Each structure stands twice: as structure tokens, then as C-alpha cells.
Ligand code: SF4
């Protein structure tokens, strides 16, 4: 059912670098200061005018039931350490661990949204060697559970909605909130990791400027070069859910467009891999991380065929930072 009153939401920062908030501030109009008519931001822990006692008053009003909370948004991983106490992160001014505060507020909200891969899965904070017992709201890496438990459901019946990404595209955050406000996000609209399918049903590879180089397996050796980043520079976009090469940042940018290989930041455990970013792990010269849906034998056969058919223009341009050889379009009329 569409929600008539503006959709009230509260944004908390758990163990976070603030990058998700920075991403959100790139939305236009800014939804964090009431610039989007259907959304009613009650408070954001970092950017709201309310701070100190004014901020905790809002939280207490929600906890007491005096203030209706539609969406609880949490940015950052939940720290359960040391020894499960959660005291590595205390809620400012409230004298209680953040993990308990989040769990209590989650019971009051119609929907709970994990903003970013730390809140969704533990992310960078739960990376290799972390001693913080960091988890996501409903996942611990790729395992269901996390702070709230695998079977937890919000008042609306939805599980935690995981707007994954490090940082997530601001459009993903705003679109998720507007869909929730309209009652237009059902369990079936989430993928197997509870990410909204409107962005998770795409791969970051879709729409990459380097697709012609990918087709011919014409690869860059340096990030400044134009070729595909998969073979040598660790691009994981053929395995990473996200429409970030179709819905560009600030209308224009993407990681691969800027010469930075996709690190699959929407995937659980992306920061826990022992493989360094920007390198392509290989076995017998074949990348270990192959495109989803593609049998290894097919990939190997197609890659060999593509390489043997690569036009010299594409091969040359792949290792240049600017077009060195333009397409020979002047001598031929399109049929
Ligand atoms: S650089 Fe990455 S996203 Fe772009 S075409 Fe190559 S594999 Fe796909």
C-alpha cells in the first residue's frame, strides 16, 4: 500500500568511514535535508542540525513509541567486540553499545535498510584480520545471521534491505527509499543477498566503455590504458552485481571508466579476499574469476578465438591512453 505521509527515516552511523554518507550527499536534490517531498528525514547522525541531546531525544522518542519511524538506515558494520559486548562502539551520549541501540530501533521501524556493504555484510570493517567481531545487520560475510539473525523480519515483513556497495550509488539509496515509501518493494524484489534487484539484476560490466576491448580480449597492462581491465588488472565487473556502468556517478563516472578495475564491492566478503585488488589471480594463465554464467571451457575457447580475430586497431588502442588508430569508417558506407 502506498504510504500517504512523508516517509520518515533515521540514518545511523555504526562502524563506518562515512563514505556512504558522502555518496548520499551526491544525490540531487539532497534527500537528507528534506529536499525530496515524499521523504521526511528525522535525523542523520553526521549531517543533521540536531546533535548531542537533541539527537538522542529523537532516538528516545522512537524507542518510546512517541515518534513513528518508517525507515531505519544504518551505515557501517556493527561491532560486537570485545567478547560480544559491543563496547567497541558506544552510542554517543546514550551510555549503551551501538549494537543494542540498532537492534532496539530495528524493532520499531517498518523497514530496515543497510546502506553500504559494511552494514549489509560486514564489508571492509570485517576484512581479513579484523578483531572487532564486525558483522552486517543480517549477514556475517556471505552467511545469513549477522546482528539480527537470519530469520528476522521488520514490521513490514521484509528482511533487511541491503543497498550494498562501497560506497553504494546515491541513486540506489534514494530509489530504495522511494520504493519503500510507495510500498513497492516486496521480498520478491530482492535478490538472494537481499539486494534490490533493480540494481542487483545488472552486472557492473554492463555498459562499460571498454566493452569492445573485452569482446576481443584486448587488455590493458596499465590503468591509464584503454583496454579491458579483466585479464591483467583484476577487474571483477563480470561477476559484480550493480548497474554502475549504466547509471553513472554524477551522470558521467564509473570505476572502470576512470581506469580503476571493479573490486566487486557489492559482493559479500569482497574485502576479505586474500587476493589483492587490481591483480588478476590466474591458474595456468587463465583468470580464476570467470564471468558468471559462463562455463570455463567456453570462456577459454572464446577468449582464444577472440584474440585470434582482434582487429589491429583494437589491439593497438588497448595499450594506449588515447585513440591511436581510429575506426576506418571513412572509406566504407554503412549497409
Ligand atoms: S574493464 Fe571490466 S567492466 Fe570493463 S569491459 Fe573489461 S571486464 Fe568488463
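In this note's numbering, the protein residues as written are 641 to 975.
Virtual Cβ for every residue (Gly too), placed ideally from N, Cα, C.
From a predicted model like this one, the values you see are computed outputs, not experimental measurements.
When the Cα of residue 674 is compared with those of 648, 658, 661 and 959, which residue comes out closest?
648
Quick one: Cα of residue 825 to Cα of residue 726, how far?
32 Å
Note down the Cα distance separating residue 832 from residue 795, rounded to an integer number of angstroms.
20 Å
Using 8 Å as the threshold, is the region 857 to 866 in touch with the region 829 to 843, meaning 3 or more CB pairs across them?
With a cut-off of 8 Å, the region 829 to 843 and the region 857 to 866 do not count as touching, because too few Cβ pairs lie within range.
Should residue 679 go down as buried or exposed, given a rule of 16 or more other Cβ atoms within 10 Å for buried?
buried
Under 8 Å: do the region 809 to 829 and the region 837 to 857 share three or more Cβ pairs, one atom per stretch?
The count of Cβ pairs closer than 8 Å, one atom from the region 809 to 829 and one from the region 837 to 857, reaches three, so the stretches are in contact.
The beta strand (DSSP E) with residue 711 in it runs from where to where?
711 to 715
How long is the line joining the alpha carbons of residue 670 and residue 810, rounded to whole angstroms?
Spanning the alpha carbons of residue 670 and residue 810 requires a straight line of approximately 10 Å.
Whole-angstrom distance between residue 922 and residue 774, CA atom to CA atom:
30 Å
Touching by the beta-carbon criterion (3+ pairs, under 8 Å), the region 703 to 716 and the region 917 to 934
no
Rounded to the nearest angstrom, what separates residue 856 and residue 771 at their Cα positions?
44 Å
Helix, strand or coil: how does DSSP classify residue 689 here?
coil
Per-residue burial, residue 812 [other beta carbons within 10 Å of its own, 16 or more giving buried]:
buried
Would the C-beta of residue 870 count as close to the ligand SF4, meaning under 6 Å from any of its heavy atoms?
yes
Under 6 Å: does the beta carbon of residue 896 sit that close to some heavy atom of the ligand SF4?
yes
Quick one: give me the first and last residue of the beta strand (DSSP E) that residue 683 is part of.
679 to 684
How about residue 875: is its Cβ closer than 6 Å to a heavy atom in the ligand SF4?
yes
Pairwise C-alpha distance: residue 946 and residue 806
Straight-line Cα distance between these residues: approximately 33 Å.
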